[in-house]
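Some notes on the structure that comes next.
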Amino acid sequence: MQNNVAVIAVDGPGGAGKGELCLRLSKKYGFAILDSGAIYRVLAYAALKKGIALDAEKELSSLAANLNLSFKEVNNAVAVILDGEDVSSFIRTEETGGAASKVAVLPEVRAALLQRQRDFAVAPGLIADGRDMGTVVFPDATAKIFLDASAEERARRRVSQLESRGVKADYDKILKEIADRDFRDRNRATAPLKPADDALVLDSTTLSIQEVVDTAVKFIESKLGR
Ligand code: C5P
């Protein structure tokens with residue numbers, strides 16, 4: 048428990064199915080979701096807009112500390128609002144994801160965003176989606192899940208997601224983007240992507256979303272003492 052608030056930490060690489068799992072868990076338990084990746088994405092987007100280099104640690108950490116960011120529910124989806132503007136569609140591109148993983152390498156940037164993320168833990172509980180939720184941001188989380196999947200499977204899922212929206216997708220290009228982002232996330236010195244020692248590691252490569260949810264819920268119930 049984090050200040051007597053139940054926190055369920057869901058970490059793992061992009062495209063492993065964390066978003067869908069968090070949505071289902073949020074509905075089941077009535078907990079809010081912290082999409083921490085969206086915060087890094089908005090920061091990268093704001094930096095690019097202001098012409099700040101993605102390795103300018105001082106400028107980026109001060110931008111991070113003063114980011115005027117909020118989340119708002121619009122038509123059953125969570126919109127990301129930066130300075131009053133809905134930037135959801137701009138931050139969801141693979142390009143912004145790659146830029147986010149560059150600013151996310153910088154320790155001062157991560158430090159500037161730490162308290163902002165912890166403030167999301169309010170009663171009755173929080174589903175925290177990210178890379179370091181169980182290891183750094185909420186080390187005392189009630190339950191920690193690390194959801195993985197092979198890079199090839201994640202690229203396939205991304206391609207079919209884009210194609211279902213009528214967007215043409217290049218599998219090889221997407222696979223390379225995923226591999227590059229994974230490498231940066233897993234090998235950075237501060238808060239690298241890795242399972243917490245007490246996390247349930249779930250490989251979703253050959254599992255359906257329902258199988259992932261069922262396994263996760265069983266584990267969470269045991270941690271919640273139900
Ligand atoms: O989860 P999402 O793909 O939106 O995250 C974008 C990038 O933000 C990740 O590739 C990672 O570099 C960074 N990130 C992070 N720590 C988190 C969440 C996201 O470093 N807790």
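Residues are numbered in the numbering used here as their position in the sequence shown, beginning at 1, plus a constant of 47.
All C-beta atoms in this analysis are idealised placements derived from N, C-alpha and C, irrespective of residue type, glycine included.
Next item on the list: Report the option in Phe78, Leu194, Ala168, Ser197 whose CA atom is closest to the CA atom of Pro186.
Entry: Taking only the C-alpha atoms, the option nearest Pro186 is Ala168.
Margin query: Any heavy atom of the ligand HEM closer than 7 Å to the beta-carbon of Ser83?
Written below: Of the ligands this structure carries, namely the ligand C5P, none is the ligand HEM.
Checklist line | Proximity below 8 Å, CB of Ile174 to CB of Ser255 | finding: Not a contact, by the Cβ cut-off of 8 Å.
Check: Can Gly181 be considered in contact with the ligand C5P, in the sense that its beta carbon sits closer than 7 Å to one or more heavy atoms?
Finding: Because no heavy atom of the ligand C5P lies under 7 Å away, the Cβ of Gly181 does not count as near it: no.
Next item on the list: Name the one or two DSSP bridge partners that Lys119 has.
Entry: Bridge partners of Lys119: Ala126.
Checklist line | Start-end ranges of the beta strand (DSSP E) lying completely within the region 115-195, minimum 3 residues | finding: If we require 3 residues or more, the beta strand (DSSP E) runs fully inside the region 115-195 come out as 116-121, 124-129, 172-177, 190-195.
Next item on the list: Just tell me which of Ile80, Asp133, Pro60 has its CA closest to the CA of Ala198.
Entry: The shortest C-alpha separation from Ala198 is found at Pro60.
Next item on the list: Give the range of the alpha helix (DSSP H) segment to which Asp217 is assigned.
Entry: Looking at the DSSP string, Asp217 is not in any alpha helix (DSSP H), and its letter there is neither H nor E.
Notebook entry, point to check: For the ligand C5P, any of its heavy atoms closer than 7 Å to the Cβ of Ala124?
Noted result: No.
Check: In terms of alpha-carbon separation, which member of Ile86, Ala126, Phe118 lies closest to Leu107?
Finding: Ranking the options by Cα distance to Leu107, first place goes to Ile86.
Check: By Cβ distance, which residues of its chain are closer than 7 Å to Leu68, with the 5 residues on each side in sequence left out?
Finding: Within the same chain, Cβ atoms closer than 7 Å to the Cβ of Leu68 are found at Val57, Leu194, Val259, Val260, Ala263, the five residues on either side in sequence being excluded.
Check: Leaving out five residues before and five after Phe266 in sequence, what residues of the same chain have Cβ atoms less than 8 Å from its Cβ?
Finding: Closer than 8 Å at Cβ, skipping near neighbours: Ala190, Ile192, Leu247.
Checklist line | Beta-carbon spacing of Ala238, Arg157 below 8 Å | finding: Going by C-beta atoms, Ala238 is nearer than 8 Å to Arg157.
Item checked: DSSP three-state assignment for Leu254, whether helix, strand or coil -> Coil, per DSSP.
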